[in-house]
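Chains as they are written, first to last, in numbering that gives the first Met the number 0: chain G, 0 to 206; chain D, 0 to 206.
Ideal placement from N, C-alpha and C gives every residue a C-beta, glycine not left out.
Please read all numbers here as calculations on a predicted model, not as lab measurements.
Protein chains: 2
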Amino acid sequence: MTSSRLGGPTDRRIVRTQQLVRDALLSLATEKPFSEILVRDITERANVNRSTFYAHYQDKFELMDKIAEEKLSALGKLASPEYGLSAPPFQTDFETPDPYFLALFEHLAENETFYRIILTRMQDSSLSDRMLESIREFFYLRITSAQPSQKLLVPLDILLDYASSSAMGTIRRWFEQNRIYSPHYMALQLTRISELGFYRAMGYEAG
Amino acid sequence: MTSSRLGGPTDRRIVRTQQLVRDALLSLATEKPFSEILVRDITERANVNRSTFYAHYQDKFELMDKIAEEKLSALGKLASPEYGLSAPPFQTDFETPDPYFLALFEHLAENETFYRIILTRMQDSSLSDRMLESIREFFYLRITSAQPSQKLLVPLDILLDYASSSAMGTIRRWFEQNRIYSPHYMALQLTRISELGFYRAMGYEAG
DNA sequence: ATGTTAATCAACGGGTAGTCCGTTTCGCTA
DNA sequence: TAGCGAAACGGACTACCCGTTGATTAACAT
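See below:
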């Protein structure tokens, strides 16, 4: 028996190797683009033999996938009903952020290293696509769980693409600019634009 | 003398080779991800010797860059003053698309092959980043050329990130879904969300 | 203590990227 | 149209990285 009943390996050598390799990849990915990282680099930094790496993972992509699972599943949980984030706030004081945006940015800040890597270091978009899909899924749940009387003024798919990609884009920039704004501030700004619309937010008065 | 005064090569062999190689890359890129395309593939499809390729381009990335220059420069010109696209429409009938959005989607439709490649086939994001930057630049010009009385209700950088990334995201999806909507329709929907804000567009009445 | 399994070490084949150079073909121009 | 120069060809070569294998050593679990 080399693994406990709940999935995780129990042999200390395995735990040690996987941890070393994971840390090595994250460490390297903060220094240079993911595409330039060689399996050789990973194993050298981890002080692990290259063939040992291949005994655990097919390639660096599978390794990154494994690392990502944990984080992205936590991200998906932000959309769960028990979080009570389903409805936007609509406070007229313009100082109360949408609770989902707030929870989202706080989660991102708490896992900055990981998200910075997948958003700014990986040219392969599969992981950021999963992140986008998770955010899109949240808005889908919010819309479909709203009162049926509410009528969409724009097709659902376009609305979801718009909401999820605007969030992703501002998030990516937020990391690229080294998070000069706090999670609360970012959530508030996204809330304001969502309430006002882009034109009004930029100062135009709608006719 | 191997090139005319205005940059373009004049020797028919050069013109022929570059055209063959460009066409081959675009053709291959519609069939499989850019990362899987080998220089060997390109030269074989172009019926050109591999060493000839290296006489013209450093690698497939430089070749793609050269192809992109022409298209992306046309995209950037949509933001030029002479287009008169600077102000959003604000028709209350909700049937008049923002002229920039309309010009944008029409340009994309006219160059579908190219944009489909850089948005859905290339994992390297450098070209889509340039596209994003071009759209972002337009909104920057629109905002800064507006009346100074107009006061931003959200920081400029966040506003620009929001506007440009929401446009990019919906565009990418538009291609992924094989353009089931017309350019005019897409432009109109983006205009509506920009006027109403995301919350109202999804049916909520702002408090 | 012992059997089992992981990790190590060294080496190999396969494939692609670039480069190089001698030869051939082609196009411009006089 | 003849000939010069540039471009394209063909083939080979190095370098690098990948993924795998087999024999050996070390560490773990019981």
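| Item | Value |
| --- | --- |
| DSSP state of Pro182/G mapped onto helix, strand, coil | helix |
| Alpha helix (DSSP H) segment containing Ala67/G, residue limits | 59-76 |
| Test: Gln149/D CB closer than 8 Å to a CB of chain G | yes |
| Euclidean distance between Cα positions of Met0/D and Thr9/D | Residue placement at Met0/D is poorly supported in this model, since its pLDDT is 36, which falls under 50; the coordinates still yield a value, given next. If you take the alpha carbons of Met0/D and Thr9/D, they lie about 9 Å apart. |
| Through-space distance from Val38/G to Ser50/G, alpha-carbon basis | 10 Å |
| Coarse secondary structure for Pro87/D, derived from DSSP in three states | coil |
| Among Ile66/D, Arg199/D, Glu43/D, nearest to Ala145/G - alpha-carbon criterion | Arg199/D |
| Cβ contact check for the segment 92-102 of chain D and the segment 186-197 of chain D: 3 or more pairs under 8 Å | yes |
| Cutoff 8 Å: Glu194/G Cβ touching any chain D Cβ | yes |
| Contact set between the segment 45-67 of chain D and chain G, restricted to residues whose Cβ is under 7 Å from the partner | none |
| Chain-ordered residues of the segment 128-156 of chain G with a beta carbon less than 9 Å from chain D | Leu131, Phe138, Arg141, Ile142, Ala145, Gln146, Ser148, Gln149, Lys150, Leu151, Leu152, Val153, Pro154, Leu155, Asp156 |
| Met130/D, enclosing alpha helix (DSSP H) - first and last residue | 125-143 |
| 8 Å Cβ cutoff met for Val47/G and Val14/G | no |
| Proximity of Lys152/G and Leu195/D at Cβ, strictly below 8 Å | With the sequence shown as reference, residue 152/G is identified as Leu, and Lys is not the correct amino acid for it. For Leu152/G and Leu195/D, yes; Cβs fall inside 8 Å. |
| Proximity of Tyr161/G and Thr169/D at Cβ, strictly below 8 Å | yes |
| Host alpha helix (DSSP H) of Tyr53/G (start-end) | 49-55 |
| Within 8 Å, strictly: CB atoms of Gly117/G and Ala67/G | Contrary to the premise, residue 117/G reads as Ile rather than Gly in this sequence. In this structure, Ala67/G lies closer than 8 Å to Ile117/G by Cβ. |
| Cut-off 6 Å between Cβ atoms - residues of its own chain near Phe104/D, not counting five sequence neighbours on either side | Pro182, Met185, Ala186 |
| Short Cβ contact (8 Å threshold) for Met201/G with Leu158/D | yes |
| Chain D contacts from the segment 111-127 of chain G (Cβ-Cβ distance under 9 Å) | Met121, Gln122, Asp123, Ser124, Ser125 |
| Extent of the continuous alpha helix (DSSP H) run through Thr112/D | 111-119 |
| 8 Å Cβ cut-off: residues of chain G touching Ala186/D | What Ala186/D touches in chain G: nothing, since even the nearest Cβ is about 11 Å away. |
| Contact set between Leu37/D and chain G, taken where Cβ atoms lie within less than 9 Å | In chain order: nothing, as chain G lies at least about 16 Å away. |
| Of the listed residues Pro154/D, Phe60/D, Thr42/D, Phe174/D, nearest to Leu126/D (C-alpha basis) | Phe60/D |
| C-alpha gap between Glu204/G and Thr143/D, whole angstroms | 16 Å |
| Interface flag, Ala162/D vs chain G, CB-CB below 8 Å | yes |
| Close-in-space but distant-in-sequence residues of the same chain around Arg129/G (CB under 6 Å, 5 per side omitted) | Leu71 |
| Cutoff 8 Å: Arg191/D Cβ touching any chain G Cβ | yes |
| Ser163/D and Arg135/D closer than 8 Å at C-beta | yes |
| Cβ neighbours of Ala108/D in the same chain (closer than 6 Å, five flanking residues each side left out) | Pro182 |
| Within chain D, the residues that Thr29/G reaches when beta carbons sit closer than 9 Å | Within chain D, no residue comes near Thr29/G; the closest Cβ sits about 18 Å away, beyond 9 Å. |
| Residues of its chain near Asp40/G, where Cβ-Cβ distance is below 7 Å and the 5 sequence neighbours each way are ignored | Leu27 |
| Within chain G, partners of Ile87/D - CB distance below 8 Å | With the sequence shown as reference, residue 87/D is identified as Pro, and Ile is not the correct amino acid for it. The answer, in chain order, is Tyr198, Tyr203. |
| Own chain residues within Cβ distance below 7 Å of Glu175/D, not counting five before or after | Thr119 |
| Coarse secondary structure for Gly206/D, derived from DSSP in three states | Confidence at Gly206/D is low in this model, with a pLDDT of 44, below 50, so the placement of that residue should be treated as unreliable; the coordinate-derived value is given next. Three-state result, Gly206/D: coil. |
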